[in-house]
Amino acid sequence: MSMAMAYQQKLAEKLTILNDRGRGVLLRMNYIKKTCSDPKLRPQYLTDKTMEASVKYINKKFPNIDFRGNSQQHLTGIQRQKTEVMTTMSSYYDSFIDVMEFRDHVYELLNTIDACQCFFNIAVNFDFTKNYLELIITYTSVIFMLSRIEDKKVLVAMYNCAHEMSNGSRWDPAVTEALLSLQMLYPRRNLPAEQWRSAQLLSLLSTPAAMLDPACCDSGSLHMTCEYLSLEVMERWILLGYLLCHSSLNTNQSSQELWKMALRSGLYLTIVRDETINIHKVTEECFEGLKGYSKRFADIKECREYAIVNSGAMHRERRGFLRNALKELVKVLEDEPGLLGPKVHNTHSFSSSG
């Protein structure tokens with residue numbers, strides 16, 4: 093990396109800022125250690141008899157603590173006082189988060205300094221070398237101090253547990269909302285070739301009087317670019333997306349219908365290039381061990397059997413229809429190339445329907 097690029101990285105400024113932040117983090121780690129070591133200053137929930145079972149369970153299971161499963165019986169003390177626990181432990185939790193952020197920023201800066209091949213000599217560039225060494229030692233001191241806080245696991249886990257209990261379910265509404273927006277598009281496009289043929293889909297000759305009219309989106313509420321989304325892309329979104337927000341399959345009928353429709357379309361899903369997965373098998377493995385999913389296993393079995401019997405013929409008929417429609421389009425555009433402008437939407441739709 094050139095000297096000019098090294099200057100552009102503002103390394104000296106970053107060293108100064110991180111040193112100031114590191115000293116603050118170090119002081120907070122020292123305060124937490126002193127507080128937890130003093131019986132008079134320890135957070136009350138670490139010594140409360142009602143929390144004894146929860147503390148023992150956290151120390152035994154950390155960091156693999158299931159806040160929603162069978163382990164809730166060990167966390168009843170936190171459940172009863174979750175608001176108070178969250179208020180008391182929030183400052184400790186935030187301090188540990190600051191340590192993680194400080195660590196990430198230090199690693200990033202040290203990697204940049206290494207890439208810049210900086211020169212350190214206290215007699216030549218005093219401030220730069222001094223701040224560099226100071227940052228290394230400050231970071232090391234923070235890690236040493238963190239290692240001496242014996243109750244750090246309990247402090248972090250109690251806050252996390254109380255927060256989970258207070259705020260409820262997993263955060264998947266955004267994913268579900270995005271996937272459900274496909275229900276206006278995917279079912280209309282995922283049709284057998286017979287329905288494509290009866291609707292004269294992609295045909296310029298179906299309405300000769302409107303031959304010169306610009307093509308537009310058939311579904312008024314959808315943006316034109318939605319028509320260019322391929323079926324394969326939408327199916328990947330739906331099938332892999334609902335593995336991440338599977339709870340909506342038990343609570344939302346629209347999600348369930350969209351998911352089952354995609355499951356019936358085929359047996360394998362492309363991940364990248366020639367790498368594929370058996371989507372029905374993978375989905376069963378993801379749902380295995382989850383309570384309340386027995387009906388979803390029945391849905392997967394039904395969709396797999398349907399795909400085995402029908403998907404091959406369905407895709408074969410679609411390919412035949414698209415080949416004939418493409419031949420027709422090519423002949424029309426060869427005779428009237430000026431139609432390519434107003435009918436460019438039709439040409440793009442071929443690539444998304446294949």
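Numbering (our numbering), first residue to last: 93 to 446.
Ideal placement from N, C-alpha and C gives every residue a C-beta, glycine not left out.
Predicted model only: the values in this text are computed from it and were never measured.
- In this structure, the CA atom of Val422 is about 13 Å from the CA atom of Gly430.
- Taking all protein chains shown into account, Val234 has 16 or more neighbouring C-beta atoms within 10 Å of its C-beta and is therefore buried.
- Taken atom to atom, the span from the alpha-carbon of Tyr398 to that of Asp391 is near 11 Å.
- Non-local C-beta neighbours of Asn217 in its own chain, meaning closer than 8 Å and more than five positions away in sequence, comprise Phe211, ordered along the chain.
- With contacts defined as CB atoms closer than 9 Å, Gly412 and Ala285 qualify as a contacting pair.
- It is roughly 40 Å from the alpha-carbon of Thr221 to the alpha-carbon of Asn252.
- In the structure shown, the three-state DSSP call for Leu361 is strand.
- Burial check for Arg172: the Cβ neighbour count within 10 Å stays below 16, so the residue is exposed.
- If you ignore the 5 residues before and after Arg113, its C-beta comes within less than 7 Å of the C-beta of Phe194, all in its own chain and listed in chain order.
- Asn217: not part of any beta strand (DSSP E); DSSP gives it neither H nor E.
- Under a 10 Å Cβ-count criterion, Asp305 is classified as exposed, with fewer than 16 other Cβ atoms of the shown protein chains found around its own Cβ.
- Within 10 angstroms of the beta-carbon of Lys244 lie 16 or more other beta-carbons, which makes it buried.
- For Glu226, the three-state secondary structure derived from DSSP is helix.
- When C-alpha distances from Leu321 are compared across Leu297, Leu332 and Arg281, the shortest belongs to Arg281.
- If you draw a 10 Å sphere on the C-beta of Thr175, you find fewer than 16 other C-beta atoms in it, and that means exposed.
- Your pair Ile205 and Leu103 checks out as a contact, with CB atoms roughly 6 Å apart and the cut at 8 Å.
- Per the coordinates, the alpha-carbon of Ala266 lies some 37 Å from the alpha-carbon of Leu138.
- If you look at Thr368, you'll find it in the beta strand (DSSP E) that goes Glu367 to Asn370.
- Phe154 sits in coil when the DSSP states are folded into three classes, being neither helix nor strand.
- The DSSP-derived three-state label of Asn282 is coil.
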